[in-house]
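Asker: Let me give you the structure first, and then I'll get to my questions.
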Amino acid sequence: MRALLIAASLALGLSACAGTPALRGTGDLGVVIERAAGRVQVVEHSQRTALGTVEGLGDLSHAHVTFSRDGRYAYVFGRDGGLTKVDLLTRRIDRRIIQAGNSIGGSISQDGRLIVAQNYEPGGIKAFDADTLELLADVPAEYAPGKFSRVVGLADIPGQRFVYALFDANEIRVTDFTDPRKPVTTRYPAGKQPYDGLVTPDGRWFLAGLFGEDGISLLDLWQPEAGSRKVLAGYGRGEEKLPVFKMPHLRGWSMAAGQAWLPAIGRHEVLVADARSWQEVARVPVKGQPVFVMARPDGRQVWVNFAFPDNEWVQVIDTVDKRVVHTFSPGKAVLHMEFTPRGEEVWLSARDSNRVTVVDTATFAVRRELPVDAPSGIFFSARGQRIGF
Amino acid sequence: MDRSLLIHVTVLLGLTALAVTSAPAAEPDSARQKDLIHLVRQDCGSCHGMRLAGGLGPSLLPEKMADWPDDSLVATILHGRPGTAMPGWQRFMDEAEAGWIVARLKQGFPALP
Chain A
0 MRALLIAASL ALGLSACAGT PALRGTGDLG VVIERAAGRV QVVEHSQRTA
50 LGTVEGLGDL SHAHVTFSRD GRYAYVFGRD GGLTKVDLLT RRIDRRIIQA
100 GNSIGGSISQ DGRLIVAQNY EPGGIKAFDA DTLELLADVP AEYAPGKFSR
150 VVGLADIPGQ RFVYALFDAN EIRVTDFTDP RKPVTTRYPA GKQPYDGLVT
200 PDGRWFLAGL FGEDGISLLD LWQPEAGSRK VLAGYGRGEE KLPVFKMPHL
250 RGWSMAAGQA WLPAIGRHEV LVADARSWQE VARVPVKGQP VFVMARPDGR
300 QVWVNFAFPD NEWVQVIDTV DKRVVHTFSP GKAVLHMEFT PRGEEVWLSA
350 RDSNRVTVVD TATFAVRREL PVDAPSGIFF SARGQRIGF
Chain B
0 MDRSLLIHVT VLLGLTALAV TSAPAAEPDS ARQKDLIHLV RQDCGSCHGM
50 RLAGGLGPSL LPEKMADWPD DSLVATILHG RPGTAMPGWQ RFMDEAEAGW
100 IVARLKQGFP ALP
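Line by line, the protein sequences are chains A and B. Residue 388 is where the first sequence ends in numbering that gives the first Met the number 0, and the numbering goes up by one at each step. Residue 112 is where the second sequence ends in numbering that gives the first Met the number 0, and the numbering goes up by one at each step.
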């Protein structure tokens, strides 16, 4: 009997070694981009540990990740047009294609069956089968004969649609992939040089941040036929802009406490707009040019990081008092942050300090530091459950 | 006048003359070169791509740089291009350092150490 037991446990041990992952859920998984190495670390945020690495993902500057709805697969978009489907459980590449010359990200459809990439070169979007990465549709962002715009701000919205903006053509477009091989695109004029966009968590409003003028282009996706309008116009008050050494990033995490919290361009301020009237209600002075302005999931705090040369700093804004309540440095060149799904902790990447720091958002105490080679983006699988990610 | 003072003065003058004549060609020292490589790959890279093959900003690879005279590229780096997303970097480097970057861009920019 004893020998049998030993044999059985040996066999179990062996099969665990042979690559069958121990049974676990995927709701607490994530990836951290190791930018220069073309590699990701697979992490989990329950125990705050790294589980392993996956290599061979190409040029990961400006890498972006979207997740399958079962939380098992991370779709990693590389700058070099690489699109890699990474299995977070086995920590292996499931599939990999080169889909463009220069890409900045992508998103997953409402039903989880389509992956859509947004590209600079060739300018446009492309839809792929989420299982096989087979190309289903190519939608060039042609705005004049033979001219193609770089695409920014792509977000999934209900109805198998994707909304995005054209940096070179001052437009917002909505493409409907109800029939994936026959997409239908509608165009809306927008303000000058939209640099990124976001869709509110309910999928109703698309906001395109503008680089070429002060303001935000707003499209009501419940009534798109009314067209886009400009809000927060002239927030710079005609004053000379400060130089912008890195472009801010927008995403649905900007909404907190019934307001939109947005980076100003060329001003060291966070702009606060009422999310019904879209009128400015406040602006909060901060340490530098904001890059990410991210609400904690409950909306009580907004965390801000900054462009070069102020990129060692992070500031926390209290959304009731609308003022900075905490300023600290988790390391050099803080590139990104990601909250745990309910926001009790936040992970911050410090590229030039080669570490990720996990911070308690109530006490600001450091919970853990993980060594990572030049980390940039941090992406948790909970994104797979949210509209606009 | 005290002889040692005189010598000091001449040496000083000589040094200044040297500094003035060699300034345009002065290469940043090796520690500074490292910083500049890091700055270009990482922080210029946020717009031009870490491999400098282009992003929001155009490609800075040698075949693209060849068309431009050095002084115009140096001016772009120091002062930016108004009306575009290219900011000026003169707060963070001098003309010689921008010149060193341009020369390296034209040859193929060094990798991160």
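Glycine is no exception: its CB is placed at the ideal position from the N, C-alpha and C atoms.
#1: Just to make sure I have the definition right: I need the residues of chain D whose C-beta is within less than 7 Å of the C-beta of K245/A. Which are they?
#2: Return helix, strand or coil for S29/B, following the three-state DSSP convention.
#3: Between Q32/B and chain A, is there a C-beta pair that is closer than 9 Å?
#4: On the DSSP bridge list, what partners appear for H325/A?
#5: Hey, quick one: how far does the beta strand (DSSP E) through T199/A stretch, first residue to last?
#6: Cβ atoms of V269/A and V303/A: under 9 Å apart, would you say?
#7: So which residues of chain A does P86/B contact, with C-beta pairs closer than 8 Å?
#8: Give me the DSSP bridge partner(s) of V75/A.
#9: Starting from the C-beta of P61/B, find all residues in its chain whose C-beta is less than 8 Å away, skip the five residues before and the five after it, and write them out in chain order.
#10: By Cβ distance below 6 Å, which residues in the same chain neighbour G226/A in space, the five residues on each side in sequence not counted?
#11: Which partner residues does I36/B have in the DSSP bridge list?
#12: In this structure, does DSSP put L55/B in helix, strand or coil?
#13: In the DSSP assignment, find the unbroken alpha helix (DSSP H) run with W99/B in it and report its ends.
#14: What first and last residue would you give for the alpha helix (DSSP H) that runs through S71/B?
#15: Would you check if the segment 24-35 of chain B and the segment 40-53 of chain A touch, i.e. whether three or more CB-CB distances between them fall below 8 Å?
#16: Run down chain A in chain order and give the residues with a C-beta less than 8 Å from the C-beta of M64/B.
#17: Please classify W260/A: does DSSP put it in a helix, a strand, or coil?
#18: Give the DSSP bridge partners of M64/B, in chain order.
#19: Does the beta carbon of R350/A sit closer than 9 Å to a beta carbon anywhere in chain B?
#20: Terminal residues of the continuous alpha helix (DSSP H) containing G44/B?
#21: Determine the closest residue to A232/A out of R322/A, E212/A, K125/A and R366/A, with distance taken between C-alpha atoms.
#22: Which stretch, first to last residue, makes up the beta strand (DSSP E) that contains K125/A?
#23: Smallest Cα separation from D178/A: which of R112/A, R282/A, Y194/A and P144/A?
#24: Any idea what DSSP makes of R149/A, helix, strand or coil?
#25: I'd like the span of the beta strand (DSSP E) that includes G104/A, first residue to last.
#26: Would D93/B pass as an interface residue toward chain A - the criterion being a Cβ-Cβ separation below 9 Å?
#27: For a quick check, are the C-beta atoms of I171/A and V198/A less than 9 Å apart?
#28: Mind checking whether A255/A and R295/A have CB atoms under 9 Å apart?
#29: Which of the residues in the segment 35-66 of chain A, read from start to end, lie with their CB under 7 Å from any CB of chain B?
#30: Which residues in the same chain have their Cβ closer than 7 Å to the Cβ of G26/A, if we skip the five residues on either side of it in sequence?
#31: Taking CB distances under 9 Å as the criterion, tell me whether A52/B reaches chain A.
#32: Could you tell me if F176/A is buried or exposed, where buried requires 16 or more neighbouring beta carbons within 10 angstroms of its beta carbon?
#33: Within the chosen definition, does the segment 42-60 of chain B reach the segment 239-253 of chain A through at least 3 CB pairs nearer than 8 Å?
#34: Between the Cα of F66/A and those of A272/A, D58/A and D86/A, spot the shortest distance and give me the residue it belongs to.
#35: Check distances from the C-beta atoms of the segment 295-310 of chain A to those of chain B and list, in chain order, the residues that come in under 9 Å.
#36: How about D42/B: is its C-beta nearer than 9 Å to some C-beta of chain A?
Answerer: Reading off the structure:
#1: Chain labels in this structure do not include chain D; the protein chains are A and B.
#2: In the structure shown, S29/B adopts helical secondary structure according to DSSP, grouped into three states.
#3: For Q32/B, the answer is no, since every Cβ of chain A falls outside 9 Å of its Cβ.
#4: DSSP, once it has assigned bridges, lists V315/A as partnering H325/A.
#5: Boundaries cannot be given for T199/A, as no beta strand (DSSP E) includes it and DSSP labels it neither H nor E.
#6: A distance below 9 Å separates the beta carbons of V303/A and V269/A.
#7: Proximity of chain A to P86/B at the Cβ level (cut-off 8 Å) is accounted for by P242, V243 and F244, in chain order.
#8: DSSP lists V64/A and T83/A as the bridge partner or partners of V75/A.
#9: Result list for P61/B: L104, K105, Q106 and G107, in chain order.
#10: Closer than 6 Å at the Cβ level, and outside the excluded window around G226/A, lie Y187.
#11: According to DSSP, I36/B bridges with nothing at all.
#12: Coil.
#13: Counting along the chain, the unbroken alpha helix (DSSP H) around W99/B starts and ends at E94 to Q106.
#14: Run containing S71/B: D69 to H78, per the alpha helix (DSSP H) assignment.
#15: Touching, no.
#16: Correct list: empty, because the minimum Cβ distance to chain A is about 18 Å.
#17: Reduced to three states, the DSSP call for W260/A is strand.
#18: DSSP lists no partner for M64/B.
#19: It does; some Cβ of chain B falls within 9 Å.
#20: That run of the alpha helix (DSSP H) goes G44 to H47.
#21: The option with the nearest alpha carbon to A232/A is E212/A.
#22: It spans G122 to D128 - the beta strand (DSSP E) in which K125/A sits, taken as one unbroken run.
#23: For D178/A, the closest alpha carbon among the candidates R112/A, R282/A, Y194/A and P144/A is that of R112/A.
#24: Look at R149/A here: in three-state DSSP terms it is coil, with no helix or strand label.
#25: From DSSP, the beta strand (DSSP E) with G104/A extends over N101 to I107.
#26: No, its Cβ sits nowhere closer than 9 Å to a Cβ of chain A.
#27: For I171/A and V198/A, no; Cβs fall outside 9 Å.
#28: Going by C-beta atoms, A255/A is nearer than 9 Å to R295/A.
#29: Of all residues in the segment 35-66 of chain A, A35, D58, S60 and H61 have a Cβ within less than 7 Å of some Cβ in chain B.
#30: Within the same chain, G26/A has close Cβ partners G70, S380 and A381.
#31: For A52/B, the answer is yes, since a Cβ of chain A falls inside 9 Å of its Cβ.
#32: Counting Cβ neighbours within 10 Å, F176/A comes out buried, since at least 16 surround it.
#33: Touching, per the Cβ criterion.
#34: Residue D86/A holds the alpha-carbon nearest to the alpha-carbon of F66/A among A272/A, D58/A and D86/A.
#35: Going along the segment 295-310 of chain A in chain order, one finds A306, F307, P308 and N310 with a Cβ nearer than 9 Å to chain B.
#36: Residue contact check for D42/B against chain A: a CB pair falls below 9 Å.
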